[in-house]
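K.L.:
Take a look at this one; I'll ask things after.
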Amino acid sequence: RRQTADGRRQTAMGGAPTRPTLPASASTDSLLSLRSRSPLQRRCGCLDHFRFSKASAQTSPLVERLAGQKCRGQPRRIRYSRFVAEAEAAVPSSVAKQIRLDVHRSFASLPRSHSGRWGWPPDEDEHAQQARSDELFRILIASEFRATTRLNEELEASSVESTQAQDKFAATPSSSSGANRASVGSDASSHVQSVYVQGCSLLAAMCLGFAMGKEQEAFWLLQHLLEDVLGSDFFGSSPPLLGYHGDCAAVALLVASEAPNVAQMLGPRRLAEVTSALASRCLLSGFVGFMADGPMLALWEQLLEGHLRHPAYPRFTLLRWLVGLLRHLETQVAFIAGQARPEELVPLLFKSAQQAALALPNDWQPSIQALGEARLQELRQLSWDASQAHLRSYKAREIQESHAKKV
Numbered sequence: 111r112r113q114t115a116d117g118r119r120q121t122a123m124g125g126a127p128t129r130p131t132l133p134a135s136a137s138t139d140s141l142l143s144l145r146s147r148s149p150l151q152r153r154c155g156c157l158d159h160f161r162f163s164k165a166s167a168q169t170s171p172l173v174e175r176l177a178g179q180k181c182r183g184q185p186r187r188i189r190y191s192r193f194v195a196e197a198e199a200a201v202p203s204s205v206a207k208q209i210r211l212d213v214h215r216s217f218a219s220l221p222r223s224h225s226g227r228w229g230w231p232p233d234e235d236e237h238a239q240q241a242r243s244d245e246l247f248r249i250l251i252a253s254e255f256r257a258t259t260r261l262n263e264e265l266e267a268s269s270v271e272s273t274q275a276q277d278k279f280a281a282t283p284s285s286s287s288g289a290n291r292a293s294v295g296s297d298a299s300s301h302v303q304s305v306y307v308q309g310c311s312l313l314a315a316m317c318l319g320f321a322m323g324k325e326q327e328a329f330w331l332l333q334h335l336l337e338d339v340l341g342s343d344f345f346g347s348s349p350p351l352l353g354y355h356g357d358c359a360a361v362a363l364l365v366a367s368e369a370p371n372v373a374q375m376l377g378p379r380r381l382a383e384v385t386s387a388l389a390s391r392c393l394l395s396g397f398v399g400f401m402a403d404g405p406m407l408a409l410w411e412q413l414l415e416g417h418l419r420h421p422a423y424p425r426f427t428l429l430r431w432l433v434g435l436l437r438h439l440e441t442q443v444a445f446i447a448g449q450a451r452p453e454e455l456v457p458l459l460f461k462s463a464q465q466a467a468l469a470l471p472n473d474w475q476p477s478i479q480a481l482g483e484a485r486l487q488e489l490r491q492l493s494w495d496a497s498q499a500h501l502r503s504y505k506a507r508e509i510q511e512s513h514a515k516k517v
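One gets this note's numbering by counting positions in the sequence shown from 1 and adding 110 to each.
The following block contains the structure:
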């Protein structure tokens, strides 16, 4: 701007305008990289030009919209490069080591590249493959840092509110609960070290594929998935996977109503065991590596818009596809239930479900009719109630274990 102003002044004085010049340090490569930014990178202040991959494929409008909305909803000071820089120092080394191990295992489970829909330019050599692994690692540690920071800020705010409420209560003449106040404050202010779950690496890798290998778009798409679709309780840290445990109960109820023959053949106890085994593999990883490419990509496109499709229960897409798969397996369930010994039933059904899921045609969709808003709210409430029951059980076990250590 100063150079342009100088040029205008020189023109006004009768001289030839000076052409703005670039710093000597600016290279041709850096100019090309600036021009190669995606529309989202150019529009969104949160997407600083930090370690962009060399992916040239254009991201889909869906990803542009979802990642862009998530990015633009952040304060201007929130940048991906800041998360990465601070995460490298703040994330515990044990967590970073586990993330690095999961990254190397994740790529083998991903779908094949589908032009214009999912994937990234072919990795021509080992250096390109390592760069892709490094991108996924940075996305995951930045996400871990963001999640733990947000959770600890919420815990600190909760601790302050709890202390203020207890102080107000203690000020009343009838109050004598100082010990209770101390216990509440200490529990609320406990510091969370990590919220990372191994399935997150597969979720992040899928987001990187939908972003066509663009690192920062993939990060913000992952944040949209974790925060706006799955919700903070799904991978909750205290206790772990609180929302997931609630969803397991919702899946069992949904099977009973949408696939009654399967529920009748298995019975309540076996149904709970089968749905729990399948949910632990499918829900936590978004079915990655468990289902054929075509249906899995369709599932993910629906899942990413879960907040719009099912506002009352944004992650319902995962439950719908799992129940639809069990309904699809009705014949196999009848055969295995009639032939297998009780102790072999669950592993045999799990194996049969995976084989059937990997053999699904590209256009397969679950034959589960759309549920009304009231029914979705009912399922969401059931999931919430089940998660709270799990929380109470978890806290009771913690108290028992703490008491046993003291004794």
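Every residue, glycine too, gets a C-beta built ideally from N, C-alpha and C. Model, not experiment: these values are computed from the prediction.
Using only alpha-carbon positions, find the residue among E263, P349, A466 that is nearest to G434.
P.N.:
Taking only the C-alpha atoms, the option nearest G434 is A466.
K.L.:
Less than 6 Å between C-beta atoms, sequence neighbours within five positions excluded: which residues of the same chain meet that for G309?
P.N.:
Contacts found: L394, S395.
K.L.:
Kindly list the residues whose CB is nearer than 8 Å to the CB of R502, restricted to its own chain and excluding five residues on each side of it in sequence; keep chain order.
P.N.:
Hits under 8 Å: none found.
K.L.:
Please tell me whether L409 and F397 are closer than 8 Å, where the distance is taken between their beta carbons.
P.N.:
Against a cut-off of 8 Å, the Cβ pair of F397 and L409 comes out as a contact.
K.L.:
Less than 8 Å separating the beta-carbons of M322 and W230?
P.N.:
Yes. Within cutoff.
K.L.:
Which class does P452 belong to by DSSP, given the choice of helix, strand or coil?
P.N.:
Here P452 sits in helix by DSSP.
K.L.:
Just the C-alpha distance for L356 and H237, rounded to the nearest angstrom, thanks.
P.N.:
Just to set this straight, residue 356 is Gly in the shown sequence, not Leu. Rounded to whole angstroms, G356 to H237 spans 43 Å at the Cα level.
K.L.:
Ends of the alpha helix (DSSP H) at Y354?
P.N.:
It spans 352-368 - the alpha helix (DSSP H) in which Y354 sits, taken as one unbroken run.
K.L.:
Give me the residue from A197, Q491, R215 with the minimum Cα distance to L250.
P.N.:
Selected option, being the one with the closest Cα: A197.
K.L.:
Using DSSP with H/G/I as helix, E/B as strand and the rest coil, what is W228?
P.N.:
Three-state result, W228: strand.
K.L.:
Over what stretch of residues does the alpha helix (DSSP H) that includes E415 continue unbroken?
P.N.:
Run containing E415: none; DSSP gives neither H nor E here.
K.L.:
Less than 8 Å between the C-beta atoms of F318 and L246, yes or no?
P.N.:
Residue identity differs from the one stated: residue 318 is Leu in this sequence, not Phe. A contact, by the Cβ cut-off of 8 Å.
K.L.:
Relative to the C-alpha of I478, which residue among L352, S204, L176, V361 is closest?
P.N.:
The shortest C-alpha separation from I478 is found at V361.
K.L.:
Span of the alpha helix (DSSP H) holding K515?
P.N.:
483-516 is the span of the alpha helix (DSSP H), which, as asked, contains K515.
K.L.:
Cutting at 6 Å between CB atoms, please list the residues of its own chain near A200, excluding the five before and the five after it.
P.N.:
Around A200: F255.
K.L.:
State the Cα-Cα distance for the pair S223 and Q510, rounded to the nearest angstrom.
P.N.:
Going by the C-alpha atoms only, they are around 51 Å apart.
K.L.:
Our contact map puts R425 next to V339 with C-beta atoms below 8 Å; I'd like the distance itself, whole angstroms only.
P.N.:
Confirmed, about 6 Å.
K.L.:
At which residues does the alpha helix (DSSP H) containing W330 begin and terminate?
P.N.:
Its alpha helix (DSSP H) spans residues 325-333.
K.L.:
With respect to 7 Å, is the separation between the Cβ of G404 and the closest non-hydrogen atom of the ligand FAD below this value?
P.N.:
In the structure shown, the ligand FAD is absent, as is every other ligand, since no ligand is present at all.
K.L.:
Does the separation of the CB atoms of L458 and V372 fall below 8 Å?
P.N.:
The answer is no: Cβ separation not under 8 Å.
K.L.:
Check whether the segment 479-497 and the segment 372-392 touch, using three or more Cβ-Cβ pairs below 8 Å as the test.
P.N.:
With the cut-off at 8 Å, the segment 479-497 and the segment 372-392 do not touch.
K.L.:
Do D473 and G404 have their C-beta atoms closer together than 8 Å?
P.N.:
Yes, the pair counts as a contact, with Cβ atoms nearer than the cut-off.
K.L.:
Determine the closest residue to S243 out of S216, P421, F445, with distance taken between C-alpha atoms.
P.N.:
Comparing Cα positions, the closest option is S216.
K.L.:
Between the C-alpha atoms of L428 and R451, what's the straight-line distance to the nearest angstrom?
P.N.:
Spanning the two alpha carbons is a distance of roughly 30 Å.
K.L.:
Excluding the five sequence neighbours on either side, which residues of its own chain have a C-beta within less than 7 Å of the C-beta of H513, listed in chain order?
P.N.:
Nothing listed; no residue qualifies.
K.L.:
Buried or exposed for R507, going by 16 or more other Cβ atoms inside 10 Å?
P.N.:
Its Cβ having fewer than 16 others within 10 Å, R507 is exposed.
K.L.:
Sorted by chain position, which residues of the same chain lie with C-beta nearer than 7 Å to L470's C-beta, five sequence neighbours on each side aside?
P.N.:
Result list for L470: M401, A402, P405, in chain order.
K.L.:
Ignore the nearest five residues each way along the sequence and tell me which others in L364's own chain have a CB closer than 7 Å to its CB.
P.N.:
The answer, listed in chain order, is L429, V433, L489.
K.L.:
What distance in whole Å lies between the Cβ atoms of V456 and A387, which are believed to be in contact at a cut-off of 8 Å?
P.N.:
Rounded, the Cβ-Cβ distance is 6 Å, consistent with contact.
K.L.:
Would you mind sorting Q168 into buried or exposed? The rule is 16 or more other CB atoms within 10 Å of its CB.
P.N.:
Exposed: under 16 other Cβ atoms inside 10 Å.
K.L.:
Do the CB positions of H334 and L172 come within less than 8 Å of each other?
P.N.:
It is not a contact, given that the beta carbons lie outside the stated cut-off.
K.L.:
Which first and last residues belong to the alpha helix (DSSP H) in which P476 is found?
P.N.:
Element bounds for P476: n/a, residue is neither H nor E.
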